[in-house]
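>
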Amino acid sequence: MPAYELILYAANHDTGIARITLNRPDRLNALNDQMQVEIADAVTEADSDPNIRVVIITGAGRAFCAGGDLNQLGGSSNGDGEGWTSGNADEVRRSFRLAQDMILGVQRCEKPVIAMVNGVATGAGLDLACACDIRIGTPRSRFMSAYVRIGLFPGFGGTWLYPRTFGSLGRAAEMLFTGDFLEADEAHRLGFLNRLVAEEELEATTMEMAERIAAGPPIAIRLSKLMLYKGLEFDLETAMKMAAAGETITLTSRDHVEGVAAFREKRDAQYQDH
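Residue numbering for the sequence shown follows the working numbering, starting at 1 and increasing by one per position.
1. Where does the unbroken beta strand (DSSP E) through GLY125 begin, and where does it stop?
2. Under 6 Å Cβ to Cβ from LEU28, same chain only, skipping five residues before and after it: list those, please.
3. From ASP127 to ARG264, what does the alpha carbon distance come to, in whole angstroms?
4. Using the Cα positions of ASN242 and GLU233, report the straight-line distance between them to the nearest angstrom.
5. Just to confirm, are MET144 and PHE192 a CB contact at a threshold of 9 Å?
6. Taking a contact to mean a Cβ-Cβ separation below 9 Å, would you say ILE136 touches LEU202 in this structure?
7. Report the rounded CA-to-CA distance for LEU152 versus THR159, giving the unit in angstroms.
8. Quick one, are the C-beta atoms of THR44 and ILE20 less than 9 Å apart?
9. Quick check on ASN12: does DSSP put it in helix, strand or coil?
10. Between ILE52 and ASN12, what straight-line distance do the alpha-carbon atoms span, to the nearest angstrom?
11. Am I right that GLN34 and ALA99 are in contact with their C-beta atoms under 8 Å? What's the rounded C-beta distance?
12. Kindly identify the DSSP beta-bridge partner or partners of ALA115.
13. Jot down the residue ranges of each uninterrupted alpha helix (DSSP H) in the stretch 134-177, minimum 4 residues, whole runs only, in chain order.
14. With distances taken from CA atoms, which of TYR9, ALA146, CYS132 and ILE219 is nearest LEU176?
15. Could you pull the DSSP bridge partners for CYS65 from this structure?
16. Under 8 Å by Cβ, that's how I've got PHE156 and LEU190 pegged, so tell me the actual separation to the nearest angstrom.
17. What does DSSP give as the partner residues of ILE52 in its beta bridges?
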């Protein structure tokens, strides 16, 4: 297993759950280049591990992720006090490949990814939470698209992610144009937070959901996640054809046989991912 400096990675093969913890609590888990690389690598590690069925992403300390590290925003500053303003534009553009690897890695991970949002998620931290499939938070969870506050465009995918996770173009526009905070209760009302629980219940609630998903049929869940996102790009006819292909795969799987047998025998199914 790779050694990481800025994140913690723990894979529990007994439960089928991997946890990625952003571990720069003194910087509110702000993302620098190295952390982005490590997150992308850890997600790939979990995705390729046949014994892992669910991934949890959370933050150490009192924040989930406070966004991009202003000391290294979008890549290494050129060190002259001007940030990127006197740099090469194409160099700046290419520096965002790290962000793309991280966000796309999370969103494309075949296994469900749960954001355990233990505090603020702002800027790129909000985008990271948006890239996850499920979000669980507490009253301390606050969300802000902070880019506009410092004259930036959301370079971590926010303009694609926000309309899809906040439920409307209007809410996404408000988040993008004002940079106002979205409090936990409103995030829950909008459906952005799947669960809103007391701070002391966050760990137990997240693990309960992760364990429930991990106990489910892996093939069906992977295909469901794939089509959940790909379906956003399809017309209904294409989606129906892809659904037939997906159902054919599950109907001919041994896990389907096990699921039917468990249902008839009134017991928990033991899915083996084949």
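All C-beta atoms, glycine included, are put in the ideal place defined by N, C-alpha and C. The structure presented is a predicted model; accordingly, all values stated were derived computationally and were not measured.
Let me lay it out:
1. Taking the first residue of the sequence shown as 1, we reach residue 125 at position 125. Note, GLY125: premise wrong, no beta strand (DSSP E); alpha helix (DSSP H) at 124-131.
2. Within the sequence shown, the letter at position 28 stands for residue 28. So the qualifying residues of the chain are ALA63 and ALA66.
3. Locating residue 127 in the sequence shown gives position 127, where the first residue counts as 1. Locating residue 264 in the sequence shown gives position 264, where the first residue counts as 1. Answer to the nearest angstrom: the Cα atoms are 43 Å apart.
4. For this step, residue 242 is matched to residue 242 along the sequence shown. For this step, residue 233 is matched to residue 233 along the sequence shown. Here residue 242 turns out to be Met, not Asn, going by the sequence shown. For MET242 and GLU233, the distance between alpha carbons rounds to 12 Å.
5. One-based indexing of the sequence shown puts residue 144 at position 144. One-based indexing of the sequence shown puts residue 192 at position 192. Result no, Cβ atoms of MET144 and PHE192 do not sit closer than 9 Å.
6. Locating residue 136 in the sequence shown gives position 136, counting from the first residue. Locating residue 202 in the sequence shown gives position 202, counting from the first residue. It is a contact, given that the beta carbons lie within the stated cut-off.
7. The residue given as residue 152 occupies position 152 in the sequence shown. The residue given as residue 159 occupies position 159 in the sequence shown. For LEU152 and THR159, the distance between alpha carbons rounds to 12 Å.
8. For the purposes of this step, residue 44 is identified with residue 44 of the sequence shown, where counting begins at 1. For the purposes of this step, residue 20 is identified with residue 20 of the sequence shown, where counting begins at 1. Not closer than 9 Å, so no.
9. Residue mapping note: residue 12 aligns to position 12 of the sequence shown, counting from 1. ASN12: strand per DSSP, three-state reduction.
10. Translated into the one-based positions of the sequence shown, residue 52 becomes position 52. Translated into the one-based positions of the sequence shown, residue 12 becomes position 12. Going from the Cα of ILE52 to the Cα of ASN12 covers about 8 Å.
11. For the purposes of this step, residue 34 is identified with residue 34 of the sequence shown, where counting begins at 1. For the purposes of this step, residue 99 is identified with residue 99 of the sequence shown, where counting begins at 1. About 13 Å; that fails the 8 Å criterion.
12. In the sequence shown, the residue the question calls residue 115 occupies position 115. Note: ALA115 sits in a beta bridge opposite ILE57 and ARG135.
13. 158-166
14. Translated into the one-based positions of the sequence shown, residue 176 becomes position 176. Minimum Cα distance to LEU176 is reached at ALA146.
15. Translated into positions along the sequence shown, residue 65 becomes position 65. According to DSSP, which records beta bridges pairwise, CYS65 is partnered with ALA121.
16. For the purposes of this step, residue 156 is identified with residue 156 of the sequence shown, where counting begins at 1. For the purposes of this step, residue 190 is identified with residue 190 of the sequence shown, where counting begins at 1. With 8 Å as the limit, PHE156 and LEU190 do not qualify as a contact, their Cβ atoms being about 20 Å apart.
17. Counting from one through the sequence shown, the residue named residue 52 turns up at place 52. Per DSSP, none; premise fails for ILE52.
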